[in-house]
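Before any comments, here is the structure.
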C-alpha cells in the first residue's frame, strides 16, 4: 500500500513538473513597437504604437499631427472627374491644421516567432480612423465691411490592410497594402462679391470614396 502511494505521488509530481515547464516555455514576453510612417510626411507626422497581446494578436493605436491639407486640395479641386468641389480656398487648404486618431486589431496569420518561415510576420489588420482639419479664417473687406470665410473637414473611415512585419534586432520594417472606404465632410462659410452684392455660401459637402492604401512603417522595439 505504501509503495503504491509513493508511486502515485511520484507520478503526480512528474506530471505537475511537466506542466510547469511547458508553461514556462509558452510564456513569451510581450513586445511594444513604436513606428512612424515616412510616406505621410508631406502633410502630417504619423506615429503609431503596437502592443502585443498574444503570439498572434496585437493592438495598434496611432495619432497624426496634420500641418497642411494640400494633398487633399489636389484630390478635391485640381483633379476634375465631375465631382462636387468644396468652396474652400487654396490658401485655406495649404494652411489647414488638424489631428488624426486610429485604432487597429492586428491578427498575425503566420506567427512572428516562426523564424525559419519566409512568411513569418504576415498579418491582417482592420483599422478605423478619424481626422479633423481646421482651415484658417480669411478676412475680406468690401464696402468698408469685413467678411470672414471659415471652414473645417471631418474624415472617418475603415481600412483593411495586409502586410508583413520584419524584425531585425530592435529595428522594425512594416510594409503594407490594402483597401478602404472613407467619408469626408466639409463645412464652410464662404463669401462671394459680385456686382456690388455679397452672397454667403453656407455649405456642407459630403463625399464617400474608396481608397487604396500602400505604405511602409519604420520603427523600434521599445521593450
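Numbering (mature numbering (1 follows the signal peptide of the UniProt record, and there is no 0)), first residue to last: -20 to -1, 1 to 203.
For glycine and all other residues, C-beta sits at the position ideal for the given N, C-alpha and C.
Check	Outcome
Classification of residue 170 by the beta-carbon crowding that lies within 10 angstroms, buried from 16 upward	buried
Identity of the residue in 129, 18, 30 and 17 nearest residue 10 by Cα	30
Under the three-state DSSP convention, the category residue 200 falls into	strand
Per-residue burial, residue 149 [other beta carbons within 10 Å of its own, 16 or more giving buried]	exposed
Proximity below 8 Å, CB of residue 16 to CB of residue 143	no
Own chain partners of residue 52 with C-beta closer than 7 Å, once the 5 adjacent residues on each side are dropped	73
Beta-carbon proximity list for residue 179, same chain, < 6 Å, skipping 5 on both sides	172
Cα-Cα separation between residue 42 and residue 138, rounded to whole angstroms	14 Å
Stretch pair the stretch 17 to 36 + the stretch 71 to 89: three plus CB contacts closer than 8 Å	yes
Outcome for residue 45 when other beta-carbon atoms lying within 10 angstroms are tallied against a minimum of 16	exposed
Where residue 52 sits in the DSSP three-state scheme	helix
As assigned by DSSP and simplified to three states, the class of residue 64	coil
Residue closest to residue 168, alpha-carbon to alpha-carbon, out of 116, 55 and 35	116
Residue 145 versus 24, 64, 201 and 75, residue with shortest Cα-Cα distance	201
Buried versus exposed call for residue 141 [16 or more other C-beta atoms within 10 Å across all chains shown]	buried
Residue 106 - partner residues in DSSP beta bridges	140
Residue-level contact to chain B via CB, residue 78, 8 Å cutoff	Chain labels in this structure do not include chain B; a single protein chain is all it has.
Distance between residue 187 and residue 2 (C-alpha atoms, nearest Å)	Model confidence at residue 2 stands at a pLDDT of 44, short of 50, so the residue's coordinates are unreliable and nothing is read from them.
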